[in-house]
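A.B. asks:
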Amino acid sequence: MSAIDSTRSDFTVDEASSEQIEGTLFVVAAPSGAGKSTLVNALLEREPAISLSVSHTTRPPRTGELYGRHYYFVERGEFEREVAEGIFLEHAEVHGNLYGTSRTTVQALLAQGRDVLLEIDWQGAGQIRRTKPDCVSVFILPPSRTELERRLRGRGSDSAEVIERRLHNSREEIAHAHEFDYILINDVFERALGDLQAIVRAVRQRSALQWQRHESLIVELLAADPTSE
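For the sequence shown, the numbering used here begins at 247 and goes up steadily by one.
(1) So who's on the other strand from F435, going by DSSP bridges?
(2) Drop a sphere of 10 angstroms on the beta-carbon of D433, count the other beta-carbons inside from all chains shown, and report buried for 16 or more, exposed for fewer.
(3) By DSSP's criteria, I386 is part of a beta bridge. Which residues make up the other side?
(4) Under three-state DSSP, which class holds I445?
(5) Using DSSP with H/G/I as helix, E/B as strand and the rest coil, what is S348?
(6) With DSSP collapsed to three states, give me the class of A486.
(7) Is the beta carbon of H302 closer than 8 Å to that of Y317?
(8) So what's I366 in DSSP terms, helix, strand or just coil?
(9) With the cut-off set at 8 Å, would you say L335 and I374 are in Cβ contact?
(10) From the DSSP output, which residues share a beta bridge with D361?
(11) If you follow the beta strand (DSSP E) that V476 is in, where does it begin and where does it stop?
(12) Going by the DSSP bridge assignment, what does L271 pair with across the sheet?
(13) Using three-state DSSP, classify L355 as helix, strand or coil.
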């Protein structure tokens, strides 16, 4: 983005940048049971301008999950082939299953000016930050370990062995929370949702983005000579 010379008196609105403004990439991660998916789904209802990138996974679908809406469910062999072909922007193994984000889909949405949200784990978030350092990352914490365990057991969809593995892995996941731009505690749901939405709205008001979006207005304001009126 080029700066505007405010000393000139011959500005025209046509000088404003006509390039498409790239969308913002939001990354949300959390330990299993922290309520990440519920928060993300509620955020998307409030902020329809955000596109959720649907991940690929080798995990079997849970009750009610649909192919292409919640995940692209694939076999491990197919997933590994796609990794070798460079299909994924990020990929990681989580709780024994593989997850990945399509590079083409995300880049196409961002190029169209759409904000994109990735609901991924801390490993994938680290990969995203290395390739797209201007992304905005959020880590969601449960209010307590007791509440985390209660939520995991309350799902009724995982075996005791799976729950214990998720609880064990949550320690390593939480240890990486400090690497994220923001940390939210999902205690009172509406408050956590409001905080998440506030982050999204604050990012959209960043000066660099506002300058690009409203450059025509800025050009007009700088071109006006109040002494001549």
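No residue lacks a Cβ here, since even glycine has one placed at the ideal position from N, Cα and C.
C.D. replies: This is what the structure gives:
(1) Beta-bridge pairing links F435 to no other residue.
(2) exposed
(3) L430
(4) helix
(5) strand
(6) Given a span of 247 to 475 for the chain in the structure shown, any question on residue 486 remains unanswerable.
(7) yes
(8) coil
(9) yes
(10) I296
(11) Outside the modelled stretch of the chain, which goes from 247 to 475, sits residue 476, for which no answer is possible.
(12) V362
(13) helix
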